[in-house]
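Participant: Once you've had a glance at the structure underneath, I'll fire off some questions.
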Amino acid sequence: MPDAKKTLTPSKVFLFGTIIKNPILVQVIGLCPAVAASSSLTVALLLSFVTTILLIVCEVLASALLKPLPSWFRVAVYMITGLLFICPLMYILDEAGFSVVSDAGVYLPLMAANSVVALRCEKFAVKRSVFLSFYDAVATGIGVSSVLMLSGTIRELLGFGTVAGKAVFESAPVPALTMPFGGFVVLGFLAAFLKKFISTFLSGYSYDMPFRIKRTRRRRPGRTSEQPVLIEPTSSGEPLPLGESTVLSSPAIEPDAASDPSLSGGAVRFQIHEAPKESGKESFADVFYNSMSEDLFAREEAFDDIAAEVKTEKHGGGQFTVGTETSPSANSDIVKPARDEAERVVIPVDLDLLEEEEINRALKKDSEGGKDG
Amino acid sequence: MTWFFDMTQAALFTIFIQNLVFNGGYGSSEAIRMSAKPKRFLPFSIMIAFFSTVTAVVCRALDSIKEISEQGEAVHSAIFGAVLILIYIATALILKLTLAPNKKFLSTLGIAAVNTLVFAAPLINRRAGYGYAESVGTGIGSGIAFILALMLINAGLRRLEANKNIPPLFKGTPAMFLYVAMLSLAFAGFAGSPLFA
Amino acid sequence: MAVKTVIKTDKQKRPFCCDMLIMLILPAVMAWYYYGGSVLRTVFVCMLTGVLSETAGAFFMRCPRDLGDCSSLFTGAAMALMLPADFPVWAAAAGVVFAVAAVKLPLGGTGFSPFNPVAAGFSFLCLCWPDKIFNYPAIDTGSGYVKGASLAGMLSVNTSIRPNTINVFDIFTGNVPGPAGASCIIVLLGCAVFLGFSRRRSLINSAGFTAACALFALMFPRVYSYNARPVSLLMELCSGLLMFSALFLVTDPAVSPEKPFHRFLYGAFSGAACMLLRYFGKFEEGVCFALLLSNAMWPPLYERILRRESKRELRKRVKRRSKNRALSAERRAPDNA
Chain V
1 MPDAKKTLTP SKVFLFGTII KNPILVQVIG LCPAVAASSS LTVALLLSFV TTILLIVCEV
61 LASALLKPLP SWFRVAVYMI TGLLFICPLM YILDEAGFSV VSDAGVYLPL MAANSVVALR
121 CEKFAVKRSV FLSFYDAVAT GIGVSSVLML SGTIRELLGF GTVAGKAVFE SAPVPALTMP
181 FGGFVVLGFL AAFLKKFIST FLSGYSYDMP FRIKRTRRRR PGRTSEQPVL IEPTSSGEPL
241 PLGESTVLSS PAIEPDAASD PSLSGGAVRF QIHEAPKESG KESFADVFYN SMSEDLFARE
301 EAFDDIAAEV KTEKHGGGQF TVGTETSPSA NSDIVKPARD EAERVVIPVD LDLLEEEEIN
361 RALKKDSEGG KDG
Chain P
1001 MTWFFDMTQA ALFTIFIQNL VFNGGYGSSE AIRMSAKPKR FLPFSIMIAF FSTVTAVVCR
1061 ALDSIKEISE QGEAVHSAIF GAVLILIYIA TALILKLTLA PNKKFLSTLG IAAVNTLVFA
1121 APLINRRAGY GYAESVGTGI GSGIAFILAL MLINAGLRRL EANKNIPPLF KGTPAMFLYV
1181 AMLSLAFAGF AGSPLFA
Chain C
2001 MAVKTVIKTD KQKRPFCCDM LIMLILPAVM AWYYYGGSVL RTVFVCMLTG VLSETAGAFF
2061 MRCPRDLGDC SSLFTGAAMA LMLPADFPVW AAAAGVVFAV AAVKLPLGGT GFSPFNPVAA
2121 GFSFLCLCWP DKIFNYPAID TGSGYVKGAS LAGMLSVNTS IRPNTINVFD IFTGNVPGPA
2181 GASCIIVLLG CAVFLGFSRR RSLINSAGFT AACALFALMF PRVYSYNARP VSLLMELCSG
2241 LLMFSALFLV TDPAVSPEKP FHRFLYGAFS GAACMLLRYF GKFEEGVCFA LLLSNAMWPP
2301 LYERILRRES KRELRKRVKR RSKNRALSAE RRAPDNA
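Chains as they are written, first to last, in my numbering: chain V, 1 to 373; chain P, 1001 to 1197; chain C, 2001 to 2337.
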């Protein structure tokens, strides 16, 4: 893939920050003000203003001055910056007698610890120029603000029957929408609407918004501290298609067992390639971002996970999905995950497989015992 | 023994009656994102509980000083925020000097410390007029509430992932939002129990 | 973990919700008897809203519409009968729209939605209009009941129930203020009999649910009388939406496991959650919130149960296999000798 960083233009940054990778609806960051606080348009306006200013200040600061500092320390600096801006603002608004401060409650000071600011600074600003960072801050600010205000308007209209304090309905049509639960519901529908919008008008950027469990650690050359292990089939010559492959990459796969035809029972054999070892470096944003399956501007960079097949096995009367790590055609050829990898996969509960394995082990033990005896 | 009762009561209140993640929305983005990584549930929640408890207790101690307690909301927010930052930096430095953790650990520590859930704990305690025992209870309760939220959302993500019948328009983030909305709705049934009033 | 749903099997040609709809006929008749035609109008409007919102939702969400499974009709009818008779029709319709358009369709449709749409819709209405949803119209019974106060409401106040306030016959015939279609216990028992004949396995869920609730009621009575425990048992089980939920909501096949024992466990888990919500919750009736909670918490629990069982089963099989092997070795030994 061509280097995404080189092809970044202000317009692209703007489009991504506002719509394609909307911070709240797509990246799922900064939910606290969106879900809980923005139950009215005025509060949403205040929070939008604060977020946008904070984003601009922090991103420019991070891009211009904070690059030499370590990642963990920069996070504290962002919060200090937020407090330095928000607390005087609260004081001034409070002294001036604006009720919006009390309406916002504890959520206004909490904006200092908002994940949008820290994440955008760490993900974008510290890696790029001040100019692009400023653009990104404005775009992200607009993205956040539009969602906050839209959500605030909808929730105020349906929850209180007013818009910006002016009565529209005689009574509140759906009062529950003012609660955090209502915030999540509104965000859910807005996210679906955004998805439809992107697929209709920006089909070039159309993509699914997956939110799936990480069963395996993302393997990114040059980013992860571990040596990624890629497994490719050698007998067929073609890479295993995702979803059909039942391979879990794991250092525990014994090369002999995997490549020995007598053991694999005619199944597709695997060849293990170890990626070049590079110095591991994972920043604040990487840790945070890795929980999503997609990263901003780096989606194509990432290797596709060789996902463990989610295999539906029938057990007793009930059916449930389990992830198994068996070779495609031979049940006896079980590729066992290593001890440290075990947590990343769902433990197989297929009785037949387990029984076979257990019985083989017991027989082996018996035979050894017999020899000893 | 009263302090233990107060602490437990405050913790239960924080976990169920006013589940900070579902009923308050605090730290919901961290909860949703972290829920995709079961391996980090426990350490992350312990970190959250640690920072919440220590920050809440220190802030409670500061709030007992007359000059500070008389100040308004803005000054309190600034002081509490500063306390949180100091505790975070101190913890990170101590860990860095003693255990020499890797960058990933420190980054996770940063996420656990600088989030709305931890910062909200002392502010909520002050509004509720909690004492020391209750502040500790809220801190511990925050951690437990967080891990409960992580487990529930994780189970939800797995179910949504396996559910092939979700309309394409709602696959992914929209369905996840609606799932969390239902969890929030379920916990709303606890809110405002007369037992803890 | 995804629990596969068995909505329609070869043996059971009729959709599950169709059976539920048939079961709802009797409660609807009783509601009409006590509260007049307005209840039936609400039921009709809610059913119509269910169908319309499913059609419109399926159109906008681009998902397949499946009106044949009667689930939207059942959602509407059940919701209407769970509400007070004088509950505003438009508000009841809003609950149905929420249940269908925000819970059922976007999360996978009938049988695949992780949450029970009726429970979610009712919980939504509880949060929206708590003052209306638990304010029941009075029934002129002539007995000692406080007019307009339901049994669940009296229980939630803890001290309201005395021996002389209880008329068991009235409770069983539904001649007490309460949800329009959920107060008549005799009719609900009749529905249980029907369920026992048509869906025997589903009745196990109800049994588990009722057993857990009964246990809670016996252990922690909320009434003050000389024979508190039996009175508590009667009042808790017959009050509010407990029996109605046991028959119509807990039996939802979308989350139900298959094995009878697991079904019983699921029901018991839901029942425990229900009683906890009743005791410590905000509202006098927390069964729908409890069902949402159990819908969310049961699958991971179930997965653990299955894993434990599979391990146990595995150990048994291995033991059996090794025993057989040893026996055959013993048999072979004399032959060789």
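All residues carry an ideal CB built from backbone N, CA and C; glycine is no exception. Keep in mind the model is a prediction, meaning the values are calculated, not measured.
So with CB distances below 7 Å, who are the chain P contacts of S2206 (chain C)?
Facilitator: Residues of chain P passing the Cβ test: none, with the nearest at roughly 21 Å.
Participant: Give the DSSP-derived three-state secondary structure of T162 (chain V) in the structure shown.
Facilitator: If DSSP states are grouped into helix, strand and coil, T162 (chain V) belongs with the strands.
Participant: In angstroms with no decimal places, state the Cα-to-Cα distance between F1044 (chain P) and L119 (chain V).
Facilitator: Each residue's Cα considered, the two are about 18 Å apart.
Participant: Give the secondary structure of G222 (chain V) by DSSP, where H, G and I count as helix, E and B as strand, and everything else as coil.
Facilitator: Confidence in G222 (chain V) is poor, its pLDDT being 45 and thus under 50, which makes the residue's placement too unreliable to answer from.
Participant: Keeping to the same chain, check which residues put their C-beta closer than 7 Å to that of L2026 (chain C); ignore five residues upstream and five downstream.
Facilitator: Here the set comprises V2187, G2190 and C2191.
Participant: Going by C-alpha to C-alpha distance, which of V:F169, V:C121, V:C32 and V:I142 sits closest to V79 (chain V)?
Facilitator: Before going on, a small fix: residue 79 (chain V) reads as Met here, not Val. Selected option, being the one with the closest Cα: V:C121.
Participant: Go to K12 (chain V), then tell me how far its alpha helix (DSSP H) extends in each direction, as first and last residue.
Facilitator: Element bounds for K12 (chain V): P10 to L15.
Participant: Out of V:L108, V:A34 and V:F197, point me to the one whose CA is closest to E156 (chain V)'s CA.
Facilitator: Here the closest residue by C-alpha is V:A34.
Participant: Would you kindly check if the distance between the Cβ of F2289 (chain C) and the Cβ of A2078 (chain C) is under 9 Å?
Facilitator: No.
Participant: Starting from the Cα of K1103 (chain P), find the closest Cα among V:A125, V:F73, V:V126 and V:S39 and give me that residue.
Facilitator: Taking only the C-alpha atoms, the option nearest K1103 (chain P) is V:F73.
Participant: Determine the closest residue to F1080 (chain P) out of P:L1042, P:F1119 and P:T1098, with distance taken between C-alpha atoms.
Facilitator: Here the closest residue by C-alpha is P:F1119.
Participant: Classify E274 (chain V): buried if its beta carbon has 16 or more other beta carbons within 10 angstroms, exposed otherwise.
Facilitator: Because the pLDDT at E274 (chain V) is just 36, under 50, the model does not fix this residue reliably, and the value given afterwards should be weighed accordingly. It counts as exposed.
Participant: Which residues, in chain order, does the stretch 176 to 187 of chain V contribute to contact with chain P at a C-beta distance below 7 Å?
Facilitator: Listed in sequence order: M179, P180, F181, G183, F184, V185 and L187.
Participant: Using a Cβ-Cβ cut-off of 9 Å, state whether A2212 (chain C) counts as contacting chain P.
Facilitator: False, the Cβ-Cβ gap to chain P never drops below 9 Å.
Participant: Report the neighbours of A2094 (chain C) on chain V: residues whose CB is nearer than 7 Å to its CB, in chain order.
Facilitator: Under the 7 Å cutoff, chain V gives V174.
Participant: Let me check understanding here. Comparing Cα to Cα, which of C:N2116, C:G2267 and C:S2038 lies closest to A1186 (chain P)?
Facilitator: Selected option, being the one with the closest Cα: C:N2116.
Participant: So, are the CB atoms of G1027 (chain P) and C32 (chain V) less than 9 Å apart?
Facilitator: Yes, Cβ-Cβ distance for G1027 (chain P) and C32 (chain V) is below 9 Å.
Participant: Does the separation of the CB atoms of I19 (chain V) and L194 (chain V) fall below 9 Å?
Facilitator: Contact: yes.
Participant: Is it true that the stretch 1169 to 1176 of chain P meets the stretch 1003 to 1010 of chain P, where meeting means three or more beta-carbon pairs spaced less than 8 Å apart?
Facilitator: Result no; under three Cβ-Cβ pairs closer than 8 Å.
Participant: I'd like to know whether the C-beta atoms of E2284 (chain C) and L2127 (chain C) end up nearer to each other than 9 Å.
Facilitator: Not closer than 9 Å, so no.
Participant: Mind the definition here: the stretch 2077 to 2095 of chain C touches the stretch 2042 to 2049 of chain C only if three or more C-beta pairs lie below 8 Å; say whether that holds.
Facilitator: The answer is yes - the stretch 2042 to 2049 of chain C touches the stretch 2077 to 2095 of chain C, with three or more Cβ pairs under 8 Å.
Participant: Give the residues of chain P in contact with D94 (chain V), contact being defined as C-beta atoms less than 9 Å apart.
Facilitator: Simply G1072, E1073 and A1074.
Participant: Going by beta-carbon coordinates alone, are G97 (chain V) and I24 (chain V) separated by less than 9 Å?
Facilitator: Not closer than 9 Å, so no.
Participant: How would you list, in chain order, the residues of chain V whose beta-carbon sits under 8 Å from the beta-carbon of L2127 (chain C)?
Facilitator: Per Cβ cutoff of 8 Å: P175, A176, M179 and F181.
Participant: State buried or exposed for N2227 (chain C), treating a residue as buried only when at least 16 other CB atoms are found within 10 Å of its CB.
Facilitator: N2227 (chain C) comes out exposed.
Participant: Does any residue of chain V have a CB that is nearer than 9 Å to the CB of T1053 (chain P)?
Facilitator: No, its Cβ sits nowhere closer than 9 Å to a Cβ of chain V.
Participant: At a Cβ threshold of 9 Å, is S40 (chain V) touching chain P?
Facilitator: False, the Cβ-Cβ gap to chain P never drops below 9 Å.
Participant: Quick one: which residues of the stretch 2275 to 2302 of chain C get their C-beta closer than 7 Å to a C-beta of chain V? List them in chain order.
Facilitator: Here the close residues number zero.
Participant: Could you tell me the distance, in whole angstroms, from the CA atom of R2014 (chain C) to the CA atom of I2022 (chain C)?
Facilitator: About 11 Å.
Participant: Which residues in the same chain as A137 (chain V) place their Cβ atom closer than 6 Å to its Cβ, once the five residues preceding and following it in sequence are excluded?
Facilitator: These residues qualify, in order along the chain: L55, I56 and E59.
Participant: Rounded to whole angstroms, how far is the Cβ of T2075 (chain C) from the Cβ of G2121 (chain C), which I believe are closer than 8 Å?
Facilitator: Indeed, because the Cβ distance is near 7 Å, the residues count as touching under 8 Å.
Participant: Quick check: what's the CA-CA separation for L2081 (chain C) versus D2069 (chain C)?
Facilitator: Going by the C-alpha atoms only, they are around 20 Å apart.
Participant: Can you pull the DSSP bridge partners for A167 (chain V)?
Facilitator: Note: A167 (chain V) sits in a beta bridge opposite V:T162.
Participant: Establish whether the CB of E1067 (chain P) and some CB of chain V are separated by less than 9 Å.
Facilitator: It does not; no Cβ of chain V falls within 9 Å.
Participant: Between the stretch 2267 to 2274 of chain C and the stretch 2094 to 2105 of chain C, do three or more beta carbon pairs fall short of 8 Å?
Facilitator: These segments do not touch.
Participant: Do you know offhand how far S2256 (chain C)'s Cα is from S2232 (chain C)'s?
Facilitator: Their Cα atoms are separated by approximately 29 Å.
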